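Here is the structure we will look at.
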Amino acid sequence: MTSTGFEPKIAAFVCNWCTYTGADLAGTSRIQMATNVRIIRLPCTGRIDPLFIIKAFERGADGVIVSGCHPADCHYTAGNYHARRRFTLFNDFIEFLGIDSRRITFSWVSASEGQKWADIVNDTTARVRELGPFSGYRDLVRSGLTGGQDAGT
Amino acid sequence: MRELKNLAKRLLEEGTVKVVIGYEEGPVGVRPVFVTRPADAEKLVFNSRCVQNLAAYLSRRRGHIARLGKSAIVVKGCDARAVAGLIRESQLKREDVVVIGMRCGGVALRPSDEGPLTPETVADRCSGCESREPKLADHLLGELPPAPPKATRMFELMAQIERMPVAERFRFWAEQFERCMRCNACREVCPMCFCERCIQDKSQPQWIETSPHARGNLSWHFTHAMHLAGRCSSCDECQRACPAGLPLGLLNRKMAEIVRNRFEYQVSDDSTVPSPIGAFKQQDPQEFIK
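Chains Y and W, in that order, give the protein sequences.
Just so we're aligned: the first sequence equals residues 495 to 647 in my numbering.
Just so we're aligned: the second sequence equals residues 75 to 364 in my numbering.
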């Protein structure tokens with residue numbers, strides 16, 4: 495895919511206490527950043543089921559950002575530590591299933607790091623734009639590989 | 075085998091247990107049997123066709139078996155890992171089960187596979203098995219047979235997938251999952267699948283599409299592998315039970331490899347070692363997090 499006219503859709507799963515507030519700070523500080531990111535606010539990174547990321551890709555996202563409080567800063571004490579273990583496995587496993595892990599950015603962004611959030615957004619958008627659309631799921635439909643009788647021909 | 079029959083008979087006669095979960099010869103190969111009368115202990119067998127992981131019958135989902143009373147279970151080394159997993163996760167109390175461990179020389183792919191084990195007929199998990207003598211056992215029976223031959227199918231397929239570019243891997247799995255008809259045999263047979271309500275049965279919100287479509291199928295098999303991270307006993311029962319012949323064991327094998335590399339953890343039949351998921355260290359690696 496060339497980059498002509500392609501604007502990636504990026505879903506960002508962020509925690510309420512640090513990254514969401516950090517993103518808010520980026521906004522109130524009038525920091526310019528890519529507009530490709532749709533933020534989904536959750537209580538904690540510990541609430542982010544890896545299935546959310548799969549679902550985002552399934553529903554047409556080209557990239558995903560997962561972000562929360564820095565280690566030792568979790569509002570719920572340990573949610574981000576549990577999330578870190580989970581995403582460590584997820585990040586390695588996803589490549590085996592055939593989803594390029596470069597499409598997914600994991601980060602820690604605190605409430606005071608508006609600039610860091612803007613950088614994460616810009617970097618991820620640029621990287622995903624270069625990778626092109628995530629066509630895995632779309633190709634399933636195009637090739638007729640959609641399962642069962644309802645498969646489009 | 076005499077040893078096993080005598081032990082089962084004695085346990086039932088003494089009233090130590092109400093049921094012995096073991097293997098018997100069925101019309102098309104070895105099948106599970108639930109022995110409740112001492113005289114029926116004669117039915118019990120143990121051989122290289124005792125493929126099934128009976129630990130699934132100890133899960134809380136199988137309430138009808140728990141209602142029979144305290145059970146004894148015949149396990150191979152690999153099955154013992156699943157029993158330990160259930161104990162580790164508070165699904166089973168150690169004192170509520172008598173574990174009859176069998177020294178094992180490997181098993182076949184299918185319970186109907188007659189004849190000596192060859193690299194073609196031996197189960198994948200038997201290659202390089204280090205738990206042919208279950209440690210989690212109240213009674214350890216049999217002589218240790220020679221090590222089984224090695225099957226290379228799974229390693230070859232794993233290497234083949236790892237050589238593919240990422241996009242091609244997606245294609246590979248999509249083609250595999252295309253054949254999945256969502257019969258849920260993989261879930262039903264899994265000893266570690268004991269959620270009271272499985273996420274794929276939940277419809278509000280529906281995270282995993284229920285229709286047999288490559289898209290929802292990928293979500294399901296991904297979720298199953300994710301939920302089994304650091305828990306899967308690698309019994310490959312999901313793969314054996316799959317009527318579509320999906321290489322599901324590969325997903326779990328890959329996940330086990332990742333868990334081993336990342337957290338130096340290997341699923342064992344020691345129920346006192348905590349699972350890596352549900353625990354954490356402040357110094358866990360995080361080089362992939364910005």
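The C-beta atom is built at its ideal place from N, Cα and C for all residues, glycine as well.
This one's a predicted model, so the numbers in the text were calculated from it and none came from an experiment.
Item: Assumed close pair Arg-177 of chain W, Leu-214 of chain W - CB separation to whole angstroms, cut-off 8 Å; Value: 7 Å
Item: Sub-7 Å separation of Cys-203 of chain W and Cys-260 of chain W beta-carbons; Value: no
Item: Below-7 Å beta-carbon distance, Glu-552 of chain Y vs any chain W residue; Value: yes
Item: Whole-angstrom distance between Cys-316 of chain W and Gly-323 of chain W, CA atom to CA atom; Value: 10 Å
Item: Between the CA atoms of Asp-594 of chain Y and Ile-450 of chain Y - distance to the nearest angstrom; Value: The requested residue 450 of chain Y is not part of the displayed model; chain Y covers only 495 to 647.
Item: Contacting positions in the segment 563-576 of chain Y - beta carbon closer than 8 Å to chain W; Value: Pro-565, Ala-566, Ala-572, Tyr-575 and His-576
Item: One or two residues paired with Trp-602 of chain Y in a DSSP bridge; Value: Y:Gly-562
Item: From W:Leu-160, W:Pro-239 and W:Cys-152, residue whose alpha carbon lies closest to that of Arg-199 of chain W; Value: W:Cys-152
Item: Interface positions of the segment 287-310 of chain W facing chain Y (Cβ-Cβ less than 9 Å), listed along the chain; Value: His-287, Ala-288, Arg-289, Gly-290, Asn-291, Leu-292, Ser-293, His-295, Phe-296, Thr-297, Ala-299, Met-300, Ala-303 and Gly-304
Item: Presumed contact (8 Å Cβ cut-off) between Thr-513 of chain Y and Val-603 of chain Y, rounded CB distance; Value: 4 Å
Item: Exposure of Cys-269 of chain W, with buried meaning 16 or more beta-carbon neighbours within 10 Å; Value: exposed
Item: Closer than 7 Å to chain Y by CB, Lys-117 of chain W; Value: no
Item: Residue from Y:Ile-542, Y:Asn-510 and Y:Pro-544 whose Cα sits closest to the Cα of His-569 of chain Y; Value: Y:Asn-510
Item: Beta-ladder partner(s) of Glu-99 of chain W, from DSSP; Value: W:Val-104
Item: Three-pair Cβ contact test at 8 Å for the segment 541-549 of chain Y versus the segment 516-530 of chain Y; Value: no
Item: At least 3 beta-carbon pairs within less than 8 Å: the segment 574-587 of chain Y vs the segment 319-338 of chain W; Value: yes
Item: Of the listed residues Y:Arg-623, Y:Ala-577 and Y:Pro-537, nearest to Pro-544 of chain Y (C-alpha basis); Value: Y:Ala-577
Item: Three-way DSSP call (helix, strand, coil) for His-32 of chain W in this model; Value: Nothing can be reported for residue 32 of chain W, as the shown portion of chain W is limited to 75 through 364.
Item: Distance, Val-157 of chain W Cα to Asp-343 of chain W Cα; Value: 7 Å
Item: Span separating the alpha-carbon of Lys-79 of chain W from that of Glu-217 of chain W; Value: 15 Å
Item: Residue span of the alpha helix (DSSP H) that contains Phe-337 of chain W, given as start and end; Value: 322-337
Item: Residue-level contact to chain Y via CB, Glu-338 of chain W, 7 Å cutoff; Value: no
Item: Which listed residue (W:Gln-234, W:Thr-284 and W:Glu-249) has its alpha carbon closest to that of Asn-258 of chain W; Value: W:Thr-284
Item: Length-filtered (4 minimum) alpha helix (DSSP H) runs lying within the segment 161-207 of chain W; Value: none
Item: Expected contact under 8 Å - CB spacing of Phe-251 of chain W and Leu-292 of chain W to nearest Å; Value: 5 Å
Item: Nearest-angstrom beta carbon gap, Gly-573 of chain Y and Gly-540 of chain Y [assumed within contact, 8 Å]; Value: 3 Å
Item: Chain-ordered neighbours of Leu-634 of chain Y on chain W, where CB pairs are closer than 7 Å; Value: Ala-248, Ala-288 and Arg-289
Item: Segments of 4+ residues assigned as alpha helix (DSSP H) that fall wholly inside the segment 523-580 of chain Y; Value: 544-552
Item: Chain-ordered chain Y contacts of Phe-354 of chain W [CB-CB under 8 Å]; Value: Ala-572, Tyr-575, His-576, Arg-578 and Arg-579
Item: CB contact below 7 Å: Leu-536 of chain Y versus chain W; Value: no
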